[in-house]
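Residue numbers (the working numbering): 168 to 565.
Note that the Cβ used here is the ideal one computed from N, Cα and C, for glycine as well.
Notes follow once the structure below has been shown.
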Amino acid sequence: MINVAILGFGTVGSGVAEVIHQNHDLIARYLGEEVSLKYILDVHDFPNSLFGDRVIHDFSIIEQDPDVDVVVETIGGARIALEFTRRALMAGKSVVTSNKELVATHGCELLRIAEEKRVSYLFEASVGGGIPVIRPMKQCLAANEIEEIYGILNGTTNYILTRMIEGALSFEEALKEAQEKGYAERDPSADIEGADACRKIAILSSLATGWYIAPEQIPTEGITGITLQDVDFAKQVDRKIKLLGRMIRREDGMVCAYVAPHLVRADTPLANVVGVFNGIQIRGNAVGDVMFYGQGAGKMATASAVVADVLDAAKHKNEQTHPFWTEAEGNLVYSLEEVKTRWYVRTAAAIAMPEGCIALSEQTSETTAFLTEEALSEQELLARLPQGMAQVHYRVLD
Ligand code: HSE
C-alpha cells in the first residue's frame, strides 16, 4: 500500500484525489499495490466532499506519519509550500508537485535534499499541465544535446491572443472573457506579463542543460502591449502573434532563455496551437524537432501528470533519484542582445521607414508598421529608429 497526502485541496489537489479514486483499480494493477489517499491538508474543511474525512489542518501529522510515502504539494507559491516541501523531503517522503514557481525558484535546493534523503522530487505537471514533456525530455531524449526549445507555455495568454486573432476582440475584451471562463485569474499579471511562461522555460532550460537557470536570468515580456493593429499587420504577412518561451544553446554550451511575443508563420504547427492549449517544440542534435501538444492547464489534465509522478515515486521507493540540475559554476547564460532576429515594428507616428524594411501598410499620420529584412539585435534595431518615439517591436520567428 502506498499512502499519499495532498497539501492544498484546490483545483489541482482535488483533481488528484479524483484521479486516484476513479482509477484506483488500474493504478493498483500498474503498481502491483494500492494507492490510498490518507490525508488532505488544507485550512478549510470539506464536509460535502467524498474525501472530507481525510482533511487535517496540521502538517506535522503528515510529517511524523511513517506510513506516508508520497506528499503531493498543490498549495502553490513559494512560501508555505517551500517549508512543507523541505520538511516532507527531510522526513524521507517523496514529493510531487505542479508548482512551477517553487520548482523554478527553489528546485536546486529541493532536488539536493531529495538526493540526500534518497527520495524523489518530481514535477511533471509544472510545465505544460497534462502534457508529458519533462519525463520524455529527460528519458526519451536523453541521448541528445538539446539545442533549442521554443513553445507556447501559457494557456491563458494563448487564449487571449487566439480570441484577438480569430474573434477580433481587443486585448481588454479577450482578457475579460478569459476571466469569465475561469482561464485567467482575477489578478492575471503572472500570465499576461509572462512570469508564468518564464518559470516554465526556466525549468525546461535547467532540465536541458543540467544547470540551474534562474527566472531572473530570463528576460521576460508579456502580451499587454499587443493590439488588434499588430494582429492585423501580422496577418498581412501570413503570421500570427504568439507568446513564446525560448531557450537557445550556443555551440560553446552557453544558453540564452527568454519570453517574448513573436510573429510566427501561420502555416506552422505552433501557430495552430490555439485556445488554452500549449505546444512545445524541442530540437535535439540527434532526433531533430519533436513537438509536445495538449492541455497545458485544467484540473484533471494537470492531476493526470501529478498522479503519474506519484506512481513513479512509488515505483522507485527508497531509490536515489538522479538530480535533474545543480548550481552552475560560473555564468552559463549569454545575453539576449546576441540573439539576432528579424523584427516587426509599429510606431505611434509616421516615420521614414529605415532602409532594408518591408512596409506592412499604407503609411498614415498615426502609424508606420514594417518588418526588417535583416536579422538584428534589439540594440541594432533601436539605433535605426527615431530616438524617443513610442513604438512596439516584436521578434519574427523564421
Ligand atoms: N496560468 C497557467 C496557464 C496555468 O494559463 O497556462 C498552468 O500553469
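Residues near residue i by beta carbon distance below 6 Å, same chain, minus five either side
i: residue 437; result: 431, 446
i: residue 229; result: 172, 206, 235
i: residue 423; result: 415, 501, 503, 506
i: residue 336; result: 330
C-alpha gap between residue i and residue j, whole angstroms
i: residue 276; j: residue 185; result: 31 Å
i: residue 397; j: residue 369; result: 28 Å
i: residue 390; j: residue 342; result: 11 Å
i: residue 302; j: residue 215; result: 36 Å
i: residue 263; j: residue 321; result: 21 Å
i: residue 239; j: residue 523; result: 55 Å
i: residue 241; j: residue 545; result: 39 Å
i: residue 459; j: residue 532; result: 44 Å
i: residue 355; j: residue 333; result: 21 Å
i: residue 251; j: residue 393; result: 39 Å
i: residue 466; j: residue 350; result: 11 Å
i: residue 469; j: residue 547; result: 42 Å
i: residue 401; j: residue 181; result: 41 Å
i: residue 248; j: residue 231; result: 17 Å
i: residue 405; j: residue 419; result: 35 Å
i: residue 193; j: residue 399; result: 50 Å
i: residue 209; j: residue 226; result: 9 Å
i: residue 412; j: residue 318; result: 6 Å
i: residue 371; j: residue 269; result: 14 Å
i: residue 493; j: residue 203; result: 33 Å
i: residue 300; j: residue 344; result: 29 Å
i: residue 363; j: residue 380; result: 15 Å
i: residue 480; j: residue 497; result: 32 Å
i: residue 353; j: residue 211; result: 21 Å
i: residue 179; j: residue 449; result: 27 Å
C-beta atoms of residue i and residue j nearer than 8 Å
i: residue 461; j: residue 316; result: no
i: residue 388; j: residue 361; result: yes
i: residue 472; j: residue 292; result: yes
i: residue 463; j: residue 295; result: yes
i: residue 527; j: residue 429; result: no
i: residue 441; j: residue 187; result: no
i: residue 223; j: residue 256; result: no
i: residue 608; j: residue 378; result: Here the chain covers residues 168 to 565 and nothing more, so residue 608 does not appear.
Among the options, the one whose alpha carbon lies nearest that of residue i
i: residue 267; options: 454, 257, 246, 285; result: 246
i: residue 518; options: 509, 556, 484, 486; result: 556
i: residue 499; options: 486, 192, 373; result: 373
i: residue 324; options: 340, 286, 309, 314; result: 340
i: residue 199; options: 274, 169, 417, 512; result: 169
i: residue 453; options: 290, 231, 312; result: 312
i: residue 177; options: 218, 192, 196; result: 218
i: residue 558; options: 278, 513, 365; result: 513
i: residue 511; options: 550, 543, 562; result: 562
i: residue 338; options: 363, 378, 408, 403; result: 408
i: residue 271; options: 366, 386, 537; result: 366
i: residue 425; options: 386, 410, 211; result: 386
i: residue 197; options: 497, 551, 478, 486; result: 478
i: residue 265; options: 175, 233, 310; result: 175
Cut-off 8 Å between Cβ atoms - residues of its own chain near residue i, not counting five sequence neighbours on either side
i: residue 305; result: 374, 491
i: residue 444; result: 319, 322, 325, 460, 461, 462, 463
i: residue 541; result: 509, 523
i: residue 359; result: 323, 324, 327, 342, 351, 389, 390, 391
i: residue 191; result: 201, 202
Cut-off 7 Å between Cβ atoms - residues of its own chain near residue i, not counting five sequence neighbours on either side
i: residue 259; result: 284, 286
i: residue 484; result: 236
Any non-hydrogen atom of the ligand COA within 7 Å of residue i CB
i: residue 320; result: As presented, the structure is devoid of the ligand COA, carrying the ligand HSE as its sole ligands.
>> If you measure from each CB to the nearest heavy atom of the ligand HSE and keep those under 6 Å, what residues do you get, in chain order?
In response: Checking every Cβ against the heavy atoms of the ligand HSE under 6 Å gives 296, 321, 322, 323, 358, 363, 463, 464.
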